[in-house]
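Q: Residue numbers (the numbering used here): 82 to 345.
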Ligand SMILES: Nc1nc2c(ncn2[C@@H]2O[C@H](COP(=O)(O)OP(=O)(O)OP(=O)(O)O)[C@@H](O)[C@H]2O)c(=O)[nH]1
Ligand SMILES: [Mg+2]
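(1) Any idea which residues DSSP pairs residue 256 with across the strands?
(2) Using a Cβ-based criterion (distance less than 7 Å to any ligand heavy atom), does residue 164 qualify as near ligand 1?
(3) Among 280, 173, 253 and 242, which residue has its Cα nearest to the Cα of residue 311?
(4) Going by beta carbon distance, what residues of the same chain come within less than 8 Å of residue 107, once the five residues before and after it are set aside?
(5) Any heavy atom of ligand 1 inside 7 Å of the beta-carbon of residue 305?
(6) So, at 8 Å on beta carbons, what are the nonlocal neighbours of residue 184 in its own chain, with the 5 sequence-adjacent residues on each side left out?
(7) When you compare each of 253, 289 and 302 to residue 324 by their alpha carbons, which one comes out closest?
(8) Give me whichever residues DSSP pairs with residue 309 in a beta bridge.
(9) Helix, strand or coil, according to DSSP, for residue 241 in the structure here?
(10) Alpha carbon to alpha carbon, how far is residue 143 from residue 304? Give it in angstroms, no decimals.
(11) How many angstroms separate the CA atom of residue 275 from the CA atom of residue 255?
(12) Label residue 248 either buried or exposed according to how many other C-beta atoms from any shown protein chain fall within 10 Å of its C-beta, with 16 as the threshold for buried.
(13) Tell me which same chain residues have a C-beta within less than 6 Å of the C-beta of residue 272, skipping the five on either side of it?
(14) Is the distance from the Cβ of residue 149 to the Cβ of residue 334 below 8 Å?
(15) Should residue 168 and residue 223 be called a contact, given that it needs their Cβ atoms to be closer than 8 Å?
(16) Just grab the DSSP bridge partners of residue 283 for me.
(17) For residue 150, does the three-state DSSP call read helix, strand or coil?
(18) Please tell me whether, using a cut-off of 7 Å, the distance from the CB of residue 240 to the nearest non-hydrogen atom of ligand 2 is below it.
(19) Consult DSSP for residue 201 and reduce its assignment to one of helix, strand or coil.
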């Protein structure tokens, strides 16, 4: 299945002052201190750029609602298993639901190659020529969505750039956000990167097939997620074997049905 590729005309947000939706764990404090110490004008500038992404995200949300498309934003560290989880998820959802994928990477079309094997239309976004943005912003999704047959879709899945920090800060107009945490990353990541776990409605604990070989405490991982997001939906699964996929797929189908019922 062929896929589309385009490169985003955007720079790193650290270079051009694109703001964070929420104070950044690493530099939120200093950004705030600098803003306050220099008075009100800088606060206005930061708010204006922040508003621009949020306005674009709202425009995306209206566009997708008009087409009755459910949008899922999938985020994680590099290598947690986003593409592998999505390949199995697409196989389960199609052909009952018409799906498409936008996949973000700094460079290469490797993930688009894998995902397009599902038969779903795929748009690969590369951010390398413009500084290697570490996330997908709302205006990038708008451009990528223009490549897709929106009238013929029920579900749009966005595989965000592999990064446990920045993607959580950018609303792209999605309906639901999911974070994947794999067993090889350790149980403490929700505590160290809480914004991602606060901003998502579900967490997939992937690679449980590796548990016999790891010093990994499943209950501690769940407890750490609950500490930062008590109501989070949590699914333990393996994208390699398919174990644990049924509850995840049932949750996802419920979210899709709820959205499509409310916008009909
Ligand atoms: N054992 C095991 N390996 C897995 C599982 N899921 C994914 N992998 C492997 O983990 C590696 C990374 O998986 P990907 O799906 O490419 O991860 P990703 O999150 O899409 O990576 P980026 O797009 O680079 O951020 C690959 O070698 C997969 O085969 C799993 O459930 N169990
Ligand atoms: Mg991937």
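Each residue gets a CB set at the ideal place from its N, CA and C atoms; glycine is no exception. These numbers were taken from a predicted model, which means no experiment stands behind them.
A: In short:
(1) Residue mapping note: residue 256 aligns to position 175 of the chain shown, counting from 1. Answer is none; residue 256 lacks a bridge partner.
(2) Numbered from its first residue, the chain shown carries residue 164 at position 83. Yes, the beta carbon of residue 164 sits closer than 7 Å to at least one heavy atom of ligand 1.
(3) Position 230 of the chain shown holds residue 311. Minimum Cα distance to residue 311 is reached at 280.
(4) Here the question's residue 107 lines up with position 26 in the chain shown. Caution is warranted here: a pLDDT of 31 is assigned to residue 107, below 50, making its placement in the model unreliable, and no coordinate value can be reported.
(5) For the purposes of this step, residue 305 is identified with residue 224 of the chain shown, where counting begins at 1. It does not: the Cβ of residue 305 is nowhere closer than 7 Å to a heavy atom of ligand 1.
(6) By one-based count along the chain shown, residue 184 stands at place 103. If we look at residue 184 and ignore the five residues flanking it on each side, its Cβ neighbours are 164, 192, 193, 196, 203, 204, 205, 206, 239 and 240.
(7) Position 243 of the chain shown, counted from the first residue, corresponds to residue 324. Ranking 253, 289 and 302 by Cα distance to residue 324 puts 289 first.
(8) Translated into positions along the chain shown, residue 309 becomes position 228. Per DSSP, none; premise fails for residue 309.
(9) Stepping through the chain shown from its first residue, residue 241 is reached at position 160. Three-state DSSP puts residue 241 in coil, outside helix and strand.
(10) Sequence index remark: in the chain shown, residue 304 carries index 223 (1-based). Sequence index remark: in the chain shown, residue 143 carries index 62 (1-based). Those two C-alpha atoms are separated by around 36 Å.
(11) On the chain shown, residue 275 is found 194 positions in, with the first residue counted as 1. On the chain shown, residue 255 is found 174 positions in, with the first residue counted as 1. Looking at the two C-alpha atoms, the distance is approximately 20 Å.
(12) To locate residue 248, count along the chain shown from 1; it is residue 167. Looking at its Cβ environment, which holds 16 or more other Cβ atoms inside 10 Å, residue 248 is buried.
(13) Here residue 272 is taken as the residue at index 191 of the chain shown, counted from 1. Counting only Cβ-Cβ distances below 6 Å, and skipping sequence neighbours, we find 305.
(14) Locating residue 149 in the chain shown gives position 68, counting from the first residue. Locating residue 334 in the chain shown gives position 253, counting from the first residue. No.
(15) To locate residue 168, count along the chain shown from 1; it is residue 87. To locate residue 223, count along the chain shown from 1; it is residue 142. Not a contact, by the Cβ cut-off of 8 Å.
(16) On the chain shown, position 202 is the one that residue 283 refers to. Answer is 259 and 314, bridged to residue 283.
(17) One-based indexing of the chain shown puts residue 150 at position 69. Residue state, collapsed to three classes: coil.
(18) Taking the chain shown and counting its residues from 1, the one referred to as residue 240 is at position 159. Correct: residue 240 has its Cβ closer than 7 Å to ligand 2.
(19) On the chain shown, position 120 is the one that residue 201 refers to. In the structure shown, residue 201 sits in coil (DSSP, three-state: anything other than H, G, I, E or B).
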